Every structure is written in C-alpha cells, then in structure tokens.
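Take a look at the structure below.
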Amino acid sequence: MSDVSEIPEQVGELIDLSKQYLREQTIEPAKRLGRVAGMGLGAAVLFSIGALLLAVAGTRSLIRVLPDGDLWSALGLFISAIVLSGIAGLIMWRATR
9 MSDVSEIPEQ
19 VGELIDLSKQ
29 YLREQTIEPA
39 KRLGRVAGMG
49 LGAAVLFSIG
59 ALLLAVAGTR
69 SLIRVLPDGD
79 LWSALGLFIS
89 AIVLSGIAGL
99 IMWRATR
C-alpha cells in the first residue's frame, strides 16, 4: 500500500501514463488514417481526370470515324453520351451493391 505522501506522485504518473496511452492509441492511428485517406483522395482525382480524358478521346475518335457533317457529329456526340451514361450507371449500380 502507498503512503499518503506518495499519492501526488502516483497521480502525476497516472496522468503521464494516460497521456502517453492516448497519444499512442488515438493520435498516431488518426495521423496514419489521414495519410491513407489523402492518398486515396489523390488517386481518385487522378483516376477521374484520366477517365474524363479517355471519354473525350473516345468521343473525338468516334466523330472522326463518322462521315463529315453536322448531323453526323451530333450523332457521334449522342452515341458517346449514351455510352458514357451507361458506364456511369453501371459504376453507380456496382458501387451501391
């Protein structure tokens, strides 16, 4: 059993141990989680930019394959819009499953 004179020292030690425990068990994992979330967000942005550029390239190549004319260009844009909407719908459907 502890002496009455040791109680303030033990309380101080308890506070120090509690601070160290909280730092190890909450703050450090939160920092790691933030780092991983930042990398995931960056990857999502880069993937979205890549998908956008790929969609524009696909649309331009479809318009180039079709004969010249305003109606043919409109048809190429319409087909691209339908295909891209279908792909977006498929992605959303798979994401919610």
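Counting from 9, one number per residue, gives the positions in the sequence shown under the working numbering. Ideal placement from N, C-alpha and C gives every residue a C-beta, glycine not left out. None of the values given here were measured: they were computed from a predicted structure.
In whole angstroms, what separates the C-alpha of residue i from that of residue j?
i	j	result
T104	A89	22 Å
V101	L49	Reading off the sequence, residue 101 comes out as Trp, not Val. Going from the Cα of W101 to the Cα of L49 covers about 21 Å.
L60	I35	37 Å
E21	P37	24 Å
S26	A52	38 Å
A63	S81	16 Å
R106	L30	The structure shown does not extend to residue 106, since the chain is modelled only from 9 to 105, so the question has no answer here.
Looking at the structure shown, is residue i part of a helix, part of a strand, or coil, going by DSSP?
i	result
L74	coil
R105	coil
Tell me where the alpha helix (DSSP H) around residue i begins and ends.
i	result
Q28	I15 to L30
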